[in-house]
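In what follows, a single structure is set out as structure tokens and then discussed.
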Amino acid sequence: NAGVTQTPKFRILKIGQSMTLQCAQDMNHNYMYWYRQDPGMGLKLIYYSVGAGITDKGEVPNGYNVSRSTTEDFPLRLELAAPSQTSVYFCASSYSPTTEAFFGQGTRLTVV
Amino acid sequence: TQLLEQSPQFLSIQEGENLTVYCNSSSVFSSLQWYRQEPGEGPVLLVTVVTGGEVKKLKRLTFQFGDARKDSSLHITAAQPGDTGLYLCAGGASGGSNYKLTFGKGTLLTVNP
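Note that the protein sequences, when read in sequence, are chains A and B. Going by our numbering, the first residue of the first sequence is number 404, and it counts up by one from there. Going by our numbering, the first residue of the second sequence is number 116, and it counts up by one from there.
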């Protein structure tokens, strides 16, 4: 049982480049989330989805975009990367917002 | 916007001491979860509390949900170095426009041998 799989694990981007962080879950969860975590801090919600075809903004959506074409996949797109987007990104999924969220291993992104 | 305030933000104690971490909000949550995160890993669920006034115990950890379901606490008895990590509370709400899981900033606990 793979759970939540994120790729890549590490990435270095130059300012202005774009990339997509991949997230896939095999638990048939409707809810999926993207968080970013800065050093020593908690998790800030970027975007979330309550099911295929439905996405909504979280606390810090600027500079990011998402799509949810299937239940399994929830990719996060960074357009025109900026140093402020240097962070660790976590994808998570859950059956509902009040039940356990399962997290991926994270993607450590550095923008230089 | 639902905000969860955790305190303290940092805590460094000696092995064997007791500690309490607090999670407060002005909003009511359907459930409140506590997670623990170790360096380089994603958060892992410790417990979920759903009923106002509920108390749950997990070995040396005691979790309490406030009567009004706006706050929670985590108490650790006789802390051990293995308890070191980032403790995060998260509130979930179902219904309305708040059907998402929101995290506090976390409490970074260091237990020194």
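Ideal placement from N, C-alpha and C gives every residue a C-beta, glycine not left out.
* Got a sec: does the ligand GTP put a non-hydrogen atom nearer than 7 Å to the Cβ of residue 443(A)? -> No copy of the ligand GTP appears in this structure; indeed no ligand is present at all.
* Asked: At a Cβ cut of 9 Å, what residues of the region 414-447 of chain A count as close to chain B, listed as they run along the chain?
  -> So the list reads 434, 436, 438, 440, 443, 444, 445, 446, 447, given in the order they occur along the chain.
* To do: Given a cut-off of 8 Å, decide if residue 203(B) and residue 125(B) are closer than it, judged by their beta-carbon atoms.
  => no
* Looking only at DSSP bridge pairs, what is residue 435(A) linked to? -> 452(A), 496(A)
* Do three or more CB pairs link the region 408-418 of chain A to the region 454-470 of chain A at distances below 8 Å? -> no
* To do: Could you name the residues of chain B that residue 493(A) contacts, counting a contact when the two beta carbons are closer than 7 Å?
  => 157
* Asked: Below 8 Å, can you find three or more Cβ-Cβ pairs linking the region 192-200 of chain B to the region 132-144 of chain B?
  -> yes
* Asked: With C-beta atoms as the reference, is residue 122(B) less than 8 Å away from residue 185(B)?
  -> No.
* Asked: Closest Cβ-Cβ distance between residue 500(A) and chain B: below 8 Å?
  -> yes
* Asked: Do you know whose CA, among 443(A), 435(A), 508(A), 462(A), lies nearest residue 451(A)'s CA?
  -> 435(A)
* In DSSP terms, what residue 148(B) is bridged to -> 163(B), 205(B)
* To do: Using a cut-off of 8 Å between C-beta atoms, extract the partners of residue 461(A) located in chain B.
  => 215
* To do: Hey, could you find the ends of the beta strand (DSSP E) residue 218(B) is sitting in?
  => 216-218
* Asked: Given that residue 181(B) touches chain A, what residues does it touch there, using C-beta distances under 9 Å?
  -> The premise fails here: residue 181(B) is roughly 16 Å from chain A at the closest Cβ pair, so nothing lies under 9 Å.
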